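Per the working numbering, residue 522 is the first one in the sequence shown, and the count goes up by one each step.
A virtual CB, placed ideally from N, CA and C, is assigned to each residue, including glycine.
Being a predicted model, the structure only gives us computed values, none of them experimental.
Remarks on the structure that follows.
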Amino acid sequence: MRFIPTLVHGVIDYIVGFIVIALPFVLGLQGATRMTLIALGIIAILYSLITDYELGVVRYLRIRFHLLLDIVFAVAMLALPSLLDFPPDLRWPNYLIGVAALVLVAVTEIRATGTAEHNDNKEIIQ
């Protein structure tokens with residue numbers, strides 16, 4: 522059942538992107554771990570900026586493709602602690618964000634209102 526509007530999803534996207542960027546600083550992570558989390562947060566914000574939903578700036582990517590990228594983001598967040606040898610007591614934020622991202626993908630509506638995709642569908646119906 523999809524009940525989260527794309528507008529709410531967009532707000533969450535930007536918040537999570539900034540949280541992921543801040544995470545290595547808050548947790549005191551260094552080196553490749555820090556840089557990878559910063560890059561992942563920046564990438565999440567960038568693909569949100571070019572998504573065709575209410576908070577997209579360029580509105581290029583369809584929401585369905587955005588949700589696919591969110592799945593890739595979630596898998597990356599879940600895999601990073603093992604791949605980059607995070608300290609065991611600092612892994613839980615990655616796991617929490619990864620699982621939350623998967624849940625968000627599962628419950629987000631797949632049609633954004635007021636977007637190019639939505640307007641294309643109206644023209645076909647009329």
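Residue 533 - DSSP class collapsed to helix/strand/coil: Within the sequence shown, the letter at position 12 stands for residue 533. Of the three classes helix, strand and coil, the one that applies to residue 533 here is helix, per DSSP.
Sub-9 Å separation of residue 629 and residue 577 beta-carbons: One-based indexing of the sequence shown puts residue 629 at position 108. One-based indexing of the sequence shown puts residue 577 at position 56. No, these two residues do not count as a Cβ contact at 9 Å.
Under 9 Å between C-beta atoms of residue 627 and residue 555: Residue mapping note: residue 627 aligns to position 106 of the sequence shown, counting from 1. Residue mapping note: residue 555 aligns to position 34 of the sequence shown, counting from 1. In this structure, residue 627 lies away from residue 555, with their beta-carbon atoms at least 9 Å apart.
Exposure label - residue 549; buried when at least 16 CB within 10 Å: For the purposes of this step, residue 549 is taken as the residue at position 28 of the sequence shown. Exposed, since its Cβ has fewer than 16 Cβ neighbours within 10 Å.
Unbroken alpha helix (DSSP H) run spanning residue 554, endpoints: Taking the first residue of the sequence shown as 1, we reach residue 554 at position 33. Note, residue 554: alpha helix (DSSP H), 552-570.
Residue 573 and residue 580 closer than 9 Å at C-beta: As a working note, residue 573 is residue 52 in the sequence shown. As a working note, residue 580 is residue 59 in the sequence shown. The Cβ-Cβ distance between residue 573 and residue 580 falls below 9 Å.
At least 3 beta-carbon pairs within less than 8 Å: the region 584-602 vs the region 613-621: Contact between the region 584-602 and the region 613-621 is established, with three or more Cβ pairs separated by less than 8 Å.
Outcome for residue 603 when other beta-carbon atoms lying within 10 angstroms are tallied against a minimum of 16: What you label residue 603 is simply residue 82 of the sequence shown in a count that begins at 1. Exposed, by the Cβ-count rule.
Straight-line Cα distance separating residue 566 from residue 535: Here residue 535 refers to the residue found at position 14 of the sequence shown. Here residue 566 refers to the residue found at position 45 of the sequence shown. C-alpha separation (whole angstroms): 6 Å.
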